[in-house]
Structures are given as C-alpha cells and as structure tokens.
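In what follows, a structure is listed as structure tokens, so that the remarks can point back to it.
In mature numbering (1 follows the signal peptide of the UniProt record, and there is no 0), the protein residues as written are -20 to -1, 1 to 367.
What follows is the structure, given as structure tokens:
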C-alpha cells in the first residue's frame, strides 16, 4: 500500500513540483481553481477570525518581547471611516511570491486595504534575492506610499533601504521579521508572524509520534540570518532533545534558496541511509525532501515541516511521506498587518510583535485545518486524495 500511495502522490505532484523548481511557485496550478477565501466584511469592525483558538504563544519577538495575540487587534467602523478620508496608499514588498502562504497574505492585505479605502499601488516579488529587494524598496519608496508591508529577504543587506523608507515618513509593517538596526515604534510599526517556535514544536511532536519516540533524523534548515526560520529550527531541535532522548538528530543540511530542499535531502539520504525522518524548515523545501525520498525509494521516511501548502497537503492526504506539520494562519496574519497599518495612520499605539497561534496539521484534521488556515474550503484535488 505504501508504494501505491507514493506513486499516486507522484502523479498528483508532478506538475506542481516543476513549478516549484522554477522559482518557488508552490501550488500555483491548484490556486487557479481553488475556492476564493472568505471576503473581509463590508461592515462592522475589522478583526481576524474570532474562531481562532486562544492558545498559548510559545515564541517571543526578535527583541525578546512577549507576543501580543492578533485577536486583540481591531479597527472599528469609526476608525475605518477616518482612514478612508485620508486617501492613503500602500505597497506590498515581498521576499518571494506564488506560494499558498504568500498568496493568502497578499489576498488578505488587498481585501483589508480595500475595506479601509487604501489603494495598493505596488506589489513586488524579490525572487528571494536581497539585491532585487533593495531595488524594489527603492523603487516603491520613490512612489511615496503611506504604508509598506514587507518581509525582508536578508535583514542586513536590506536594512539601509528600509531605513530610508522610514525616514521618508512611510509606515513600515513587517511580516515575520525586521531588518537589522530598525527599532519598533520609531522605524517600523510592528511585526506580524505566526508562532514560529510553536510551529517547530508541533512538527517535532508529529515526528516523535510517527517514530514511536525513537530513531535517527535529519534537519533541513535555512542557512541564513532569518528570525522566523531560526525559531522553527530551535523549537524543533529543543523539543526532540528534551522530550525524546531516543530520537537522535544525526544530520543537518542548510538551504539558501527555497528550491534547494531536494539537493540537500538527497545528499543527506545518501550519507545516512538509516535515517528514519527529516524535518524541513518550511513546505517548499519540504517538497524537495519528498522528491528526494521518492528518488531514493524511501517511502517509509517520515517528513514533517511548517506551513500548509497544496503540495505537502496532497502528500499528507494520500498517505505519503509528509505526516504532519505546524501551520501558520497567513490570511488572518494579512488582516492583522493591515489593521496595524491602520493603527499607524490613525496615530494609535501598536504592539511591536503580534502573532497567531500554531496549528498542528495531520491527515486526520487536514480538511478542517485548511479552512482555518486559508479561510476557504480544502481544494478539490486534496479532497479527492483524502477520499
């Protein structure tokens, strides 16, 4: 049965993985036919989904600060009316795009800004290249938007460009992490992220359960100074070491591009033929780990990751090598980013670090989790794989 499941998943994924190898366009084929997410309501206060669980946040911000729940954020109708009178503009400066995660955040930001009467005048894609993002920031700054929402590719090399944008009076709201040397409340409004430490913990718990608390595993990590991925890796490894002493982490392999996962995992599986599992730092490199396992004939390998994308969702749904993950809530994080931009435009005090809770996703709760994560029904392709 395991071999049949892997072949089925291989057929499902064949087109999507080609796209991923060409620039991180994870799941873009599926999104064309997927249901649209729940619209931001036209009336009432603007908040994130009230159905999100009130769950302990395990991670802290980049300055060691405690996280504030995104559920505490709100723009009232009166707030929104005031913002609309300002005829404000915004730009979205992304590190890369095309993934389910990034598409959800971008869609939420556009919908929220539309509700607030804020025109989105630019959306850029740095293709995971710091030098391109610096150019994007400079080009967007010249357009003089009132708000920039962005996730830095590299916190060091992009810092100068972000600093100039802040000095020009542009309100900066960051996704996931900030650039080096920028200070909350002065240079930027806030950072919005999932509970990345919590997501690493969830991925570790799934790994331990699938391995019955014993075995040898590898870690495919992000070899860059990137706050959120460091938190995920730290959480995964600390959880394994502290709670599961019979699981040994015997291999580490670093990626610098989202599409390096297959190459790194292939080398790892060649050197350590007795590996029982691999943790991938997020879903796109995780797709590469799936491909490497398939090439090596390792349908028994246990793979966990973070972020729920179409391809890893398909692999879970069909009983393949991905057994579970820790998911963020990107659509609601996008709403939170827009609310915080509204706070800045209104002169309201904003918390420096805002998060949504981690969600453990396995095949057993995949459909419900997808609806929570993306605010839409699970795609037909995944529904078919589950059935």
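Every residue gets a Cβ at the ideal spot worked out from N, C-alpha and C, and that includes glycine.
Check: Nearest neighbour of residue 161, chosen from 193, 140 and 356 [CA to CA]; Outcome: 140
Check: Start-end ranges of the beta strand (DSSP E) lying completely within the region 78 to 145, minimum 3 residues; Outcome: 99 to 105 and 127 to 130
Check: Straight-line gap, residue 228 to residue 194 (C-alpha atoms, nearest Å); Outcome: 8 Å
Check: Inter-residue Cα distance where the pair is residue 248 and residue 234; Outcome: 11 Å
Check: Proximity of residue 47 and residue 314 at Cβ, strictly below 7 Å; Outcome: no
Check: Pick from 57, 239 and 174 that is closest to residue 39, judged by C-alpha positions; Outcome: 174
Check: DSSP state of residue 164 mapped onto helix, strand, coil; Outcome: strand
Check: Those residues which DSSP pairs with residue 340 across a bridge; Outcome: 306
Check: Test item: CB-CB of residue 196 and residue 169 under 7 Å; Outcome: no
Check: Own chain partners of residue 254 with C-beta closer than 7 Å, once the 5 adjacent residues on each side are dropped; Outcome: 196
Check: Assigned secondary structure, residue 152 (DSSP; H/G/I helix, E/B strand, else coil); Outcome: strand
Check: Proximal residues to residue 360 (C-beta, below 6 Å), its chain only, five neighbours per side dropped; Outcome: none
Check: Burial state of residue 125 (16 or more Cβ within 10 Å); Outcome: buried
Check: Buried or exposed (CB count within 10 angstroms, at least 16 for buried), residue 36; Outcome: exposed
Check: Distance between residue 290 and residue 259 (C-alpha atoms, nearest Å); Outcome: 18 Å
Check: Residue 184 beta carbon less than 7 Å from that of residue 219; Outcome: yes
Check: 8 Å CB neighbourhood of residue 163 in its chain, flanking five on each side removed; Outcome: none
Check: Proximal residues to residue 62 (C-beta, below 7 Å), its chain only, five neighbours per side dropped; Outcome: 326
Check: Where residue 32 sits in the DSSP three-state scheme; Outcome: coil
Check: The ligand HEM heavy atom lying under 6 Å from the CB of residue 61; Outcome: As presented, the structure is devoid of all ligands, the ligand HEM included, so that no description of it is given.
Check: CB contact flag (residue 148, residue 181, <7 Å); Outcome: no
Check: Residues that residue 232 bridges to, as DSSP identifies them; Outcome: 199
Check: Check whether residue 321 and residue 133 have beta carbons under 7 Å apart; Outcome: no
Check: Bridge-paired residues (DSSP) for residue 227; Outcome: 195
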